[in-house]
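Colleague:
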Amino acid sequence: MKAKINNFEIDLSKPIDISIPLTNTDENPIAWYIEKPSIEPVVFGDWIGKVSEGKSSTNFNNIFFNPHGHGTHTECLGHITNGFYSINQSLKQFFFTAKLITVEPEKIGDDFVITKKCISTSLNVTSMESTSASLSVTNASTPLSKTEAIIIRTLPNQLDKKSRKYSNTNPPYLAEEAAIFIRESEIQHLLIDLPSVDKEHDEGKLLAHKAFWNVKDTVNLNQDARLNATITEMIYVPDEIEDGNYILNLQIASFENDASPSKPILYKIADFRF
């Protein structure tokens, strides 16, 4: 069950799932002022698509959910553009070198903000000039030639992130300068354990989304916008998973939509050979 990706060896029998499952119970996390997901059997007259009801040989459910508000999801820049862009067309590769970091958002006024300093300190970066070198060193001393994805775990890392009701709670968010820093570090995939990289009530500015995707005009998209970059929100990384370098398998459903429910999986890097 072992595989090699470039010179990295991973054990496929030991996945680390950092997604939150979708349920139709009160345990499901919710953001953006919507109700919990609905998973209900199809009904045609007296026929019910549920084996336990005794009228069907199969379970045959309809599922109603919103990828942005109901759990772990991955989105492309089509989330904020006038033109249509699909996550299914944007994400064509699924294995990436990744770095997991843990940050404590800074209190700024009434907000808790993940600043550039939070990110650079966790990455052991003191300036943009040293970014490439620092990103190539793991605290487990396993070299990465390039970090393609960053996974941000925020403190406090409470278990109720898996079922939290975020609407009107002003959760922590990513500062614009932090998103620019991540983009300029040439990181293509950003994963975070919050419902959004942006402030809940921000008057539609979406500064972190725009900065990460390098979207300067949402109506007439600029040519250097990052079409293949993705943001994954509402993950959960347990405390026992150590900060450091991993291989990320970013799995999505094949939805022609700006976002899809997703299942990011981490693999420890077992070996490295030059």
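Under my numbering, think of the first position of the sequence shown as -13, with each following residue one higher.
The beta carbon of each residue, even a glycine, is placed where N, CA and C say it ideally should be.
Can you tell me the Cα-Cα spacing of D32 and A135, whole angstroms?
Modeller: 50 Å
Colleague: Indicate the three-state DSSP secondary structure (helix, strand or coil) for R139 in the structure shown.
Modeller: strand
Colleague: Measure the alpha-carbon distance for N143 versus S43 and round it to whole angstroms.
Modeller: 43 Å
Colleague: Let me check understanding here. Comparing Cα to Cα, which of P53, P247, K78 and I4 lies closest to E21?
Modeller: P53
Colleague: Taking S108 as part of the beta strand (DSSP E), name the residues at either end of that continuous run.
Modeller: Run containing S108: none in the beta strand (DSSP E); it sits in the alpha helix (DSSP H), K102 to S108.
Colleague: Below 8 Å between beta carbons: does that hold for N45 and E26?
Modeller: Not in contact: N45 and E26 (Cβ atoms no closer than 8 Å).
Colleague: I'd like to know if the segment 243 to 256 and the segment 88 to 100 are in contact, where contact means that at least 3 CB-CB pairs between them fall below 8 Å.
Modeller: no
Colleague: I need the straight-line Cα distance from N208 to F80, nearest angstrom please.
Modeller: Whole-angstrom Cα-Cα distance: 26 Å.
Colleague: Are the segment 64 to 74 and the segment 200 to 215 touching by the rule of at least three beta carbon pairs closer than 8 Å?
Modeller: Here the segment 64 to 74 makes contact with the segment 200 to 215; the two share three or more CB pairs at distances below 8 Å.
Colleague: Can you find the residues in the same chain that come closer than 6 Å, C-beta to C-beta, to Y159, ignoring five residues on each side of it along the sequence?
Modeller: D184 and K185
Colleague: Any idea if Q75 is buried or exposed, counting beta-carbon neighbours within 10 angstroms, 16 or more meaning buried?
Modeller: exposed
Colleague: Would you check if the segment 10 to 17 and the segment 50 to 64 touch, i.e. whether three or more CB-CB distances between them fall below 8 Å?
Modeller: Two segments are said to touch when three or more pairs of C-beta atoms, one from each, lie closer than 8 Å; by this definition the segment 50 to 64 touches the segment 10 to 17.
Colleague: Which of the three DSSP states is assigned to L193 in this structure?
Modeller: helix
Colleague: Cβ atoms of T58 and L141: under 8 Å apart, would you say?
Modeller: no
Colleague: When you compare only the Cα positions, how much space is there between I105 and R169?
Modeller: 12 Å
Colleague: Rounded to whole angstroms, what is the Cα-Cα separation between E242 and R139?
Modeller: 29 Å
Colleague: Leaving out five residues before and five after W275 in sequence, what residues of the same chain have Cβ atoms less than 7 Å from its Cβ?
Modeller: Within the shown structure, residues of the chain are numbered from -13 to 260, placing residue 275 beyond reach of any answer.
Colleague: Can you give me the C-alpha to C-alpha distance between Y232 and I34, rounded to a whole angstrom?
Modeller: 45 Å
Colleague: Per DSSP, what kind of secondary structure is F(-6) in: helix, strand or coil?
Modeller: For F(-6), the secondary structure class from DSSP, reduced to helix, strand or coil, is strand.
Colleague: Jot down the residue ranges of each uninterrupted alpha helix (DSSP H) in the segment 144 to 203, minimum 4 residues, whole runs only, in chain order.
Modeller: 162 to 170 and 193 to 199
Colleague: Would you kindly report the start and end of the unbroken alpha helix (DSSP H) that includes N74?
Modeller: I73 to S76
Colleague: Measure the C-alpha to C-alpha separation of L(-2) and Q237 and round it to an integer number of angstroms.
Modeller: 15 Å
Colleague: Report the partner residues of T88 according to the DSSP bridge assignment.
Modeller: R139
Colleague: Let me check understanding here. Comparing Cα to Cα, which of S153, P181 and P224 lies closest to I217?
Modeller: P181
Colleague: List the DSSP bridge partners of W18.
Modeller: W18 is not bridged to any residue.
Colleague: Mind reading off the beta-carbon distance from I2 to Y253? Whole number of angstroms is fine, and I expect it under 8 Å.
Modeller: 7 Å
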